[in-house]
Amino acid sequence: MNHRRHFIQTLGSAAALAALSPLVARAQGLEQVKILYGFPPGSAGDSVARRVGEKLAGSAYTRNAAVVENKPGAGGRIALETLKSAPADGSVLALAPVSALSVYPHIYSKLSYAPTDFAQVSIGAIMHHGLAVGPMVPAQVKTLKDFLAWAKANPGQASYGSPGAGSMPHLLGALLGLRSGVDLKHVPYRGTVPGITDLVGGQIASTMNPSGDYLSYAKAGKLRVLATSGPQRSPYSPNVPTFAEQGFGDLTVEEWFGFYAPAKTPAPVIASASAAINQALKEKVVLDSLAMVGLIAHGSTPEEMAKSQKAEFERWGPLVKQTGFTAES
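Mind the numbering: the sequence shown is residues -27 to -1, 1 to 302 in mature numbering (1 follows the signal peptide of the UniProt record, and there is no 0), read in order.
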C-alpha cells in the first residue's frame, strides 16, 4: 500500500512539474527568438531588427541574441503572413512598418491578415521619408518645385520608385502628384535598396524612400534629396527642407517600425519582450547604429504602440481614398 501511495504521489508531482515547466522556462527566458523582417538586408529597418536583436541576449525575455530572418516582397506582407501562423509563445516576432497595419487594410481587398491577428510589443524606431533624384534629372534641379516643373515638362521620364505598392512612400508620391497636378508614374520595388540602386544608376528619375537610406549616397554626391516628410527637418539632413516647408503640409509623416507578436501571445510574454526591446533601445551602440541609417530610436509600451497605430489607421483611410489606389493582393 505504501509503495502504491508513493507511486501515485510521484505521478502527481511529475504532472505538476510538467504543467509548471512552460512557466519555469518563461521565467528563465526563451532559448531562441526569431525576428521576421519583410524587406531585404541592408535597409534601414533591417538595422533595427539586427541591432535590437543582438542586445536581447541575456535578458529575462531570451537567453540568446535574436536571429533575423528577411522575408522580402509584397511590401512587407509576407513577414506578417508568416507571423500570423507562428507559435504564440514569444519565440517569433516581426518588425514591420506601421503602414502594414494602418494603411494596407484600406488598400488590399484580399489582405491575408487583419490588424487583430497581432499583438503590439514596442515601437522600435521612427523614420522620415524623402524624395530624392538621381543623374537622370538635370543638376540644375535643386528644389521640389524645380523637380515638379521638370517632371511636367518631361512626362516620359517623370517617375518615382518606392519600396512597394501600397507602402507609405508610394502613397506619399501619389499624394504629391495629386496635390501638384503632375503625373508621376509609380515604379514599385522589392524594398528600398533595389530602387536606390536604379536611381543612382540613372534608370529612374526619383525615388520616395526612408530618408535614412539616402544618407551615404547623398554624402557621396550620387543623389540629391529634395524634401523630407517629418514635422521638422531631419537631424541627419538639416539642409533639406520638409514637404510642408515647400507647400505640401499633408505630406507630413513620421512612420515607425514596430515589433509585433501573434495575437494570442500571453500578456506576461509580451511585457517581457517589450521590456527587453526598450532596454536594448537605450544602448549607445544601438542608438549610434540607428543614427547612421537616419533612424531615431524610440521605444514604447504595447498600449502606446496600439494607440499610435489606431491614429494612423484613422488618418490614412481618407488619404488612401483620395489617391484611388486599391489592390486585391
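Beta carbons: idealized from backbone N, C-alpha and C, even for Gly.
- One Cα belongs to proline 275, the other to serine 245, and the distance between them is close to 11 Å.
- About 5 Å separates the Cβ atoms of valine 266 and serine 20, confirming a contact at the 8 Å cut-off.
- Residue ranges of uninterrupted alpha helix (DSSP H) with 4 or more members, entirely inside the segment 210 to 272 and ordered along the chain, are 240 to 253 and 257 to 265.
- Counting every other CB atom within 10 Å of its CB across the protein chains shown gives serine 75 a total of 16 or more, marking it as buried.
- Around the CB of asparagine 251, 16 or more other CB atoms lie within 10 Å, so the residue is classed as buried.
- Distance from the Cα of alanine 92 is smallest, within the candidate group Val173, Val71 and Leu199, for Val71.
- Minimum Cα-Cα distance from leucine 268 among the listed residues Lys118, Asp186 and Ser82 corresponds to Asp186.
- Counting of Cβ neighbours within 10 angstroms places glutamine 282 among the buried residues, the total reaching 16 or more.
- Residues of the same chain with a CB within less than 7 Å of the CB of glycine 272, apart from the 5 flanking positions on each side, are Ser95, Ile96, Ile250, Asn251 and Leu254 in chain order.
- Within the same chain, and ignoring the five residues on either side of valine 173 in sequence, the residues whose Cβ sits closer than 7 Å to its Cβ are Gly107, Tyr190, Lys195 and Leu196.
- Per DSSP, the continuous alpha helix (DSSP H) segment holding methionine 278 begins and ends at 275 to 296.
- Contact between alanine 300 and isoleucine 80 holds, with the beta-carbon distance rounding to 6 Å and staying under 8 Å.
- When secondary structure is reduced to three states using DSSP, histidine 101 falls in the coil class, being assigned neither helix nor strand.
- It is roughly 43 Å from the alpha-carbon of isoleucine 177 to the alpha-carbon of threonine 238.
- Beta-carbon to beta-carbon, valine 198 and serine 210 are separated by about 6 Å, close enough to satisfy the 8 Å threshold.
- Closest in C-alpha terms to valine 41, from the list Phe221, Leu68, Ala234 and Ala264, comes Leu68.
- Shown here for lysine 158: same chain residues with a beta carbon closer than 6 Å to its own, the five before and five after excluded, namely Ser132 in chain order.
- Here the alpha carbon of serine 179 sits roughly 6 Å from the alpha carbon of glycine 134.
- DSSP, read as helix, strand or coil, puts serine 72 in helix.
- Aspartate 90 places its beta carbon 9 Å or farther from that of leucine 66.
- By DSSP's assignment, glutamate 42 forms a beta bridge with Leu9.
- Proline 183 has His102 as its beta-bridge partners, per DSSP.
- In the DSSP assignment, leucine 3 forms a beta bridge with Thr35.
- Counting C-beta pairs with one atom in each stretch, the segment 3 to 16 and the segment 24 to 35 have three or more that are closer than 8 Å, which means they touch.
- Counting only residues of its own chain and dropping the five nearest sequence neighbours on each side, glycine 137 has a CB closer than 6 Å to the CB of Gly48 and Pro161.
- Arginine 197 has Val106 as its beta-bridge partners, per DSSP.
- With a 10 Å radius around the Cβ and a threshold of 16 neighbouring Cβ atoms, alanine 126 comes out exposed.
- Close CB contacts of alanine 98 within its chain, under the 7 Å cut and outside five residues either way in sequence, are with Val21, Trp229, Phe230, Leu263, Leu268, Ile269, Ala270 and His271 (chain order).
- Excluding sequence positions up to five before and after alanine 87, its CB lies within less than 8 Å of the CB of Pro78, all in the same chain and listed in chain order.
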